[in-house]
Each structure stands twice: as C-alpha cells, then as structure tokens.
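Engineer: One structure is given below, represented as structure tokens, and several questions about it will come after.
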Amino acid sequence: MKTLIVYYSMYGHIYTMAKAMLEGVREIKGAEVEMKRVPETLPQEVLANMGALNAQKAMAHVPVCTIDELGTADAVIFGTPTRFGNMCGQMRQFLDSAGQLWANDALVGKVGSVFTSSATQHGGQESTILSFHTTLLHLGFVIVGLPYSFKGQMRIDEITGGSPYGASTIAGGQGERMPSDNELLAARFQGKHVAAIASRMTR
Ligand SMILES: Cc1cc2nc3c(=O)[nH]c(=O)nc-3n(C[C@H](O)[C@H](O)[C@H](O)COP(=O)(O)O)c2cc1C
C-alpha cells in the first residue's frame, strides 16, 4: 500500500504539517510513503519579493511530483496553503494537468485527503479543504477527513486548527506562528487514518 503526500508550501507551514502526516502514515504496518512537492509556478523574483526564498531553500531536497505519480499511489494526501479561501495556484495548475488520468479513470477508487494552512483563524481553512474535495470527487477519489476520534479538534483552551474536513494550522499574518503540537498531532492522526483505510481497501 503506497501513500503519496503531495504539497505546496511557500513559507514552510504546510511542509512542517506534511512531515507530521508522513510520520502518521508510517505508523501503519506495511505502508510505503513518499513526500513530494508540486512544481513552482512563480518566478524567483516574485518569491524573493514575498520573502519566501529561505523557506524554499529548506525544501529544495524534496522531489518535485509529476502528475502521473498520482496514478501509482493507493492514497494521496494533498497539502495546500489557503489562497483567498481556495487551494493555491501551484496546486491548481498541477491538478489541471490531470486530464489524461481523469479520462482513463486512473484515480478512481483511490483514497484522497486534504490539509491546509491559513494566516488567520477564520481565513478559509474549511472552504479550502471542501472546495478541494470537489476536484477529488471529479477524479474519483474516496474522500477521507479527520474524524472526531481525533479529540484535539474539540479544544477551546488554545487557538488551534483542525476540523472534521482535515488537519490545518494557523500561520499568523506574518507567517510568525508555526504549527502547534496539537495541530501536528492532528496531521499525524490524519496520516495514520488515511493509511489505515487505504490498507483495508487494498487488501
Ligand atoms: C495570495 C495570497 C492569498 C492568501 N489568502 C489567504 C486567505 O484567504 N486567508 C488566510 O487566512 N490567509 C491567506 N493567505 C496566507 C497564506 O494562507 C499563508 O501564508 C499560508 O497558509 C502559510 O503556509 P505556507 O508557509 O505553507 O505557505 C494568503 C497568502 C497569499 C500569498
């Protein structure tokens, strides 16, 4: 059973969550997991103006995903920062190259799951994940979220991401907040949950 974690991250928040997701997948016996990033679409000077170059350097060793690799996995976990309440353009462009996979029913019946990050607490995490699900349904994925058996999403004693739709983190207006322990636990839980379901489905 193979799980692919495919993400875009500009400042490293989604990347940090993706690493926790990967640890969660590894908790399932026999689960193979790979982490890949989607191709960058912004020019270097724009990334420099956005103050993203250091974070990009820290992720340079993560291989870039090709669209056909989606067809080789039993489960795909997608990570995207919120852009105006939707997935980021880099992820959109990546998925918009899945036409052949769609035409050949190549992704039908695979497990799909989504996690996200936003600057503000109510800045569109749920809309990002739910609108992402629309694309996954067109492609034939069986959607898995973050069930309430992850009790950390009930917390109100501290600010935290995480909803039944998927794990999430709140990055702050300047990207100054990195994922909290609770948010990382949510990511880990989701990774394990996806891998457990995918291994049941592939048996
Ligand atoms: C063009 C643009 C649009 C954004 N839109 C939103 C938004 O709608 N709501 C929000 O809370 N944050 C928004 N953000 C902030 C990003 O979601 C935030 O930088 C990101 O979650 C950090 O994750 P990363 O470090 O993995 O890229 C936006 C950022 C950019 C650059």
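Each residue of the sequence shown is one higher than the one before, counting from 416 in my numbering. Idealized CB from N, CA, C, for every residue including glycine. Predicted model, so just to flag it, every value in this text is computed and none were measured.
1. Going by CA-CA distance only, name the one from Glu541, Ala467, His553 that's closest to Gly514.
2. So, helix, strand or coil for Val461, using DSSP?
3. According to DSSP, which residues form a beta bridge with Val479?
4. On the premise that Gly527 lies in contact with Val557, defined as a C-beta separation below 8 Å, what is that separation, rounded to the nearest angstrom?
5. Is the distance from the Cβ of Ala470 to the Cβ of Gly427 below 8 Å?
6. For ligand 1, is there a heavy atom less than 7 Å away from the beta-carbon of Met436?
7. For Ser533, which three-state DSSP category applies?
8. For ligand 1, I want to know if Ser533 counts as a neighbour, meaning its beta carbon is within less than 7 Å of at least one of the ligand's heavy atoms.
9. Closer than 6 Å by C-beta to Ser626: which residues in its own chain qualify, once you throw out the five before and the five after it? Chain order, please.
10. Report the three-state DSSP secondary structure of Lys417 (helix, strand or coil).
11. Select from Leu468, Val559, Gly567, Val609 the residue whose C-alpha is nearest the C-alpha of Glu455.
12. Where do the N-terminal and C-terminal ends of the alpha helix (DSSP H) with Ala435 fall, by residue?
Structural biologist: Walking through what the data contain:
1. His553
2. helix
3. Arg452
4. 7 Å
5. yes
6. no
7. If DSSP states are grouped into helix, strand and coil, Ser533 belongs with the strands.
8. yes
9. No answer is possible for residue 626: it lies beyond the span of the chain, which begins at 416 and ends at 618.
10. strand
11. Leu468
12. Counted as a single uninterrupted DSSP element, the alpha helix (DSSP H) harbouring Ala435 occupies residues 428-441.
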